[in-house]
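The block underneath contains the structure these notes are about, expressed in C-alpha cells.
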DNA sequence: TCTGGGGTCCTAGGACCC
DNA sequence: TCTGGGGTCCTAGGACCC
C-alpha cells in the first residue's frame, strides 16, 4: 500500500480585512468589514467585526447605521491590493515546497509528502512565522492525509486557540480525532453546503464524525459520487490530487450589477462592451479564442413587486475569435434582440465559452482568413499598452464613458502596493 | 436608495442512433 | 413479471467553492 500523503492547507485569516489593516495603522483594534462590488454585502470581517456579531454576506445597507455607531469601518473591495498581497504570500510559500496549488486568492494547498522526515508542526510554524514577517499577514495551517482533511484541520487551527494556528490531524490519536469530529457540524466539511447539510441532517448525520462513519456506497446512492469521495477522504483515502498547474478556463464570465438602475439601451450597450473587453483580454492572455458568446440582462430579482424581465441568449460564432471589436458587435446584436424598453435593468453580463487555443483555428467554409491579421495585431498591441500603462489606457470606444451603469466603490482604499501615486508614506519622528 | 462575481462538476432527461 | 438496450451528445439546472 502506498504511504499516506501529507497535505497542508495554508489559509490567510480574514484576508481582505487583514490586507486593509496592514496599510492603515489607524484601523488597528477596530472592527473592519470589506464589502462586495457596489458596496453590496459584507464579504470579509476582521476579528473585531466578527466579535460584535456581524454576519458574513449580510447586505451592508441593512446594518450600516448600527455598525457605524459601533465604530465599524466599512471599505469597498480593493482587488488590486488583494491580488498583489496574495502573490506575495504564494511566493513565500513556494520556498517551502515545489508542489503547491493556489486554490483561491487566500488559500494554497502544499504537498508535504516529501517532508515526512520533518516534524510537520514545526515546519508549519516556520511557514506562519515567515509569512507574518515577510508579508505581514496572519495565516493558519492545517495538515492531513487528504485535501479534505487538511481543510478541516485548517478550520480547527483557526477556531481552536489551543492549536495556536497549526493543526496536524495526523499527530492526534484516534479518540481525540473522534471527539473533535463529533463536536464539529457536518457543514464545516469541504463540499458539504447548506442543501446537502440539511438532507444529511434529516438522515441523522449532523457531525463530521457521523459523516466519516457512513458508508460511501450508500452515500453515493443517496447523493453523488462527489459526496462519497468526500467520505473516503474523511477516512484518509486521498481521492483529490494536488493541481499544481492551473488548467485553462473553459469559460470566461464578466458581469456586474449597476451602480444605479438602468433604463436606456445605450447604457446597456456600453456596459456589455466593457464586460466583453475585460473578458476578451483574459481570453487572449490565456491564448484562446471563443466559439460562443452569451449575453445576460436582468431586472432586480430582489424587488418582486417591480416588473421583472430576464433574458440569457447564447450565440455560436461562425468563426471562433478573440477580437474584442468583433465580440462587442456580436454582443450588441444579441442585445438588440432581447432588449425590452420600460424595464429597470439591474445587471448585465457576458460569457465566452467553447474556448480553444488560437493555434487550432481553421479557415471557415468560405475559405476566408479566420481573423483579420491586422486586427489581431492591433489587439495584441492594445494588450501590451494596457499591461504597461494600466488597464483601460486603450479601449474600445463602444465601452464609453457614460456614468449610468458604473458600479459604486465609495469606500475604496488606496492601491498601496500597485500604484506609485498611492504608495503609503512612513514618517520617522 | 441599498442584496457580489466568477468559476467547476455532476446529474437527469430528451433526442438520436444502431 | 419482462413490451430492447445501450451508447452518445446536448442542455438545463442544481450543488458546491471562495
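In the UniProt record's numbering, the protein residues as written are 1 to 429. Ideal Cβ positions, reconstructed from N, Cα and C, are used throughout, including at glycine.
| Asked | Found |
| --- | --- |
| Nearest-angstrom beta carbon gap, residue 160 and residue 266 [assumed within contact, 8 Å] | About 55 Å; that fails the 8 Å criterion. |
| Same chain, Cβ closer than 8 Å to residue 212, five either side skipped, listed in chain order | 181, 231, 234, 235 |
| Simplified DSSP state of residue 109, which is helix, strand or coil | strand |
| Whole-angstrom C-beta distance between residue 32 and residue 81, which should lie under 8 Å | Contact doesn't hold; Cβ gap of about 13 Å is too wide. |
| At least 3 beta-carbon pairs within less than 8 Å: the region 193 to 212 vs the region 115 to 133 | no |
| Top-ranked residue by Cα proximity to residue 465, from 3, 23, 110 | The chain is shown from 1 up to 429; residue 465 falls before or after that span and cannot be answered. |
| Nearest neighbour of residue 105, chosen from 11, 202, 269, 418 [CA to CA] | 11 |
| Burial state of residue 165, where buried means 16 or more other Cβ atoms lie within 10 Å | buried |
| Beta-carbon proximity of residue 288 to residue 355, cut-off 7 Å | yes |
| Residue 40 versus residue 172: straight-line alpha-carbon distance, rounded | 42 Å |
| Candidates 202, 101, 324, of which the one nearest residue 246 by Cα | 101 |
| Span separating the alpha-carbon of residue 313 from that of residue 336 | 11 Å |
| Residue 373 to residue 284 span [Cα, whole Å] | 14 Å |
| Assigned secondary structure, residue 20 (DSSP; H/G/I helix, E/B strand, else coil) | helix |
| Spatial neighbours of residue 357 in its chain, beta-carbon cut-off 7 Å, leaving aside the 5 residues before and after | 287, 288 |
| Status (buried if at least 16 other CB within 10 Å, exposed otherwise) for residue 29 | exposed |
| Helix, strand or coil at residue 401 [DSSP, three-state] | coil |
| Span of the alpha helix (DSSP H), counted from its first residue to its last, around residue 222 | 216 to 222 |
| Pick from 202, 238, 237, 240 that is closest to residue 222, judged by C-alpha positions | 202 |
| Cβ-based neighbour list, residue 151, same chain, cut-off 6 Å, excluding 5 preceding and 5 following | 9, 190 |
| Three-way DSSP call (helix, strand, coil) for residue 94 in this model | helix |
| Neighbour-count burial assignment, residue 62, 16 or more Cβ in a 10 Å radius | exposed |
| Bounding residues of the alpha helix (DSSP H) (the contiguous stretch that carries residue 263) | Unbroken run through residue 263: none, as it is neither H nor E. |
| Length at least 4, wholly inside the region 24 to 100: the alpha helix (DSSP H) runs in chain order | 47 to 51, 60 to 69, 79 to 94 |
| Cα-Cα separation between residue 192 and residue 186, rounded to whole angstroms | 7 Å |
| Cβ neighbours of residue 167 in the same chain (closer than 6 Å, five flanking residues each side left out) | 142, 153, 156, 157 |
| Residue 393 and residue 84 closer than 7 Å at C-beta | no |
| Residue environment, residue 389, which counts as buried when at least 16 other CB atoms sit within 10 Å | exposed |
| CA-to-CA distance, residue 397 to residue 382, given in whole angstroms | 13 Å |
| Boundaries (first-last residue) of the beta strand (DSSP E) holding residue 290 | 288 to 299 |
| Spatial distance of residue 404 from residue 386 (CA atoms) | 24 Å |
| C-beta contact flag for residue 399 and residue 255 at 7 Å | no |
| DSSP-derived helix/strand/coil call for residue 104 | strand |
| Euclidean distance between Cα positions of residue 406 and residue 346 | 11 Å |
| Sub-7 Å separation of residue 327 and residue 291 beta-carbons | no |
| Residues near residue 296 in its chain [Cβ-Cβ closer than 6 Å; skip 5 each side] | 312, 349 |
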